[in-house]
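All remarks here apply to the structure that follows.
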Amino acid sequence: MREQEGRNWILISARGSGWTRAARELLQARDLFLLLVLRHLKIRFAQTAMGAFWVVLQPLMTAGIFSILFGVFVKVPSDGLPYVAFSYPAMVLWTLFAQAFERGNNSLILEERLITKVYFPRLVIPLAASMSSVADFAIAAALILPITLWFGVPVGGRIFLSLLAIPPVLMVSSSLGVLFASLSIRYRDFRQLAPFLTQIWFYATPVVYPLHVVPGRYRTALLINPISAPVLVFRHAFTGSDLPPAWSLLASYIVSAALVVVAVAVFRRVERRMADWL
């Protein structure tokens with residue numbers, strides 16, 4: 007079907023499309039993408055007395071609880087740093103991953119009425135849901151520097167390394183959100199699997215413990231995890247803790263790029279019958 011909009015023609019087809027066309031559709035729907043992101047933020051903070059404070063409370067309370075459990079009771083090493091200063095930066099980045107994955111996973115089912123009533127690039131929905139977590143991340147990350155300075159941890163030019171840690175985390179989380187969202191439409195088991203996978207993934211990532219406590223034979227397997235190297239780099243940027251090997255960060259970027267390809271390919275196949283399954 008073709009529709010005329012001024013002098014431009016928009017072709018709507020049931021056939022699969024390549025990456026060029028998919029990117030063009032997303033570019034054309036950028037206004038819708040921004041509106042959906044703002045809608046997620048408004049819904050999240052609507053009718054809340056403390057507003058954005060809840061965004062800070064989650065990683066801060068989690069870091070506080072783990073400080074008692076692992077820092078006081080279990081006495082997990084923290085690279086000579088106060089445990090809160092050691093764990094909070096990693097917790098903030100991990101929360102970005104977990105929230106982006108969760109929101110993307112649930113997005114298509116929650117937007118069932120919108121999908122079945124009007125045509126638009128469906129990929130916008132899980133991407134907007136995942137990217138809405140960036141605002142939460144920015145608010146929570148604003149406390150990292152005050153916390154580290156409060157505990158006397160000097161911060162220098164290495165803080166800019168934190169910018170290298172964010173892209174692969176966003177790519178992995180949004181890709182998994184898109185992948186699980188598309189599969190959840192046909193098999194609702196994936197919607198239940200995502201929280202369980204996130205819990206396992208948390209302990210397979212050096213968020214609450216340093217890398218050097220992991221036995222050498224397991225360390226390589228841990229670094230293949232595409233979230234491990236970004237977490238370690240992000241923590242180092244604010245605390246000066248140990249950096250991961252350079253190859254692990256490169257592997258994180260490669261794996262995250264591969265996940266983007268797989269997620270979009272699966273989504274485009276499911277998209278043809280998405281409205282019927284919903």
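Going by my numbering, the sequence shown runs without a break in its numbering and finishes at 284. Glycine included, C-beta positions come from ideal geometry on N, C-alpha and C.
Under 8 Å between C-beta atoms of residue i and residue j
i	j	result
Ala96	Phe240	yes
Thr211	Thr154	no
Leu133	Val178	no
Ser190	Ala243	no
Pro250	Leu217	yes
Ser113	Ala141	no
Leu255	Pro127	no
Ile1	Leu265	Missing from the structure shown is residue 1; the chain here goes from 7 to 284 and no further.
Ala35	Thr101	no
Val276	Arg192	yes
Asp85	Asp248	yes
Thr204	Phe107	yes
When the options are compared against residue i, the one with the closest alpha-carbon
i	options	result
Leu182	Ile74, Gly110 and Val214	Gly110
Pro174	Thr122, Gly70, Leu44 and Pro236	Pro236
Arg278	Leu129, Phe79 and Tyr89	Leu129
Arg197	Leu87, Ala187 and Ser247	Ala187
Phe103	Pro232, Leu255 and Trp253	Pro232
Tyr94	Pro65, Val78, Glu118 and Asp85	Pro65
Leu170	Val267, Leu40 and Ser258	Ser258
Sequence-distant residues of its chain with Cβ nearer than 6 Å to residue i (five each side left out)
i	result
Ser73	Tyr89 and Val90
Val82	Phe76 and Tyr215
Ser262	Pro174, Met177, Val178 and Pro232
Ala269	Ser181, Val184 and Leu185
Cβ of residue i within 8 Å of any chain D Cβ
i	result
Pro83	In the structure shown, chain D does not exist; there is a single protein chain.
Whole-angstrom C-beta distance between residue j and residue i, which should lie under 8 Å
i	j	result
Phe143	Val98	7 Å
Leu87	Val159	6 Å
Sequence-distant residues of the same chain with beta carbon closer than 8 Å to residue i, five excluded per side
i	result
Asp195	none
Gly70	Val90
Proximal residues to residue i (C-beta, below 7 Å), its chain only, five neighbours per side dropped
i	result
Ile165	Ala243 and Phe244
Leu47	Ser138 and Ala141
Near the ligand FMN: residue i beta-carbon under 7 Å from a heavy atom
i	result
Phe103	Annotation note on the ligand FMN: not contained in the displayed structure, which lists no ligands.
Which residue spans inside the segment 194–247 form an unbroken alpha helix (DSSP H) run of at least 4?
Within the segment 194–247, complete alpha helix (DSSP H) segments of at least 4 residues are found at 195–209, 222–230 and 234–245, given in chain order.
Whole alpha helix (DSSP H) runs in the segment 32–97 with 4 or more residues, listed along the chain?
Counting only runs of 4 or more, we get 36–51 and 59–72.
Ordered list of alpha helix (DSSP H) runs contained in the segment 252–279, each at least 4 residues:
Fully enclosed alpha helix (DSSP H) runs of 4 or longer: 252–277.
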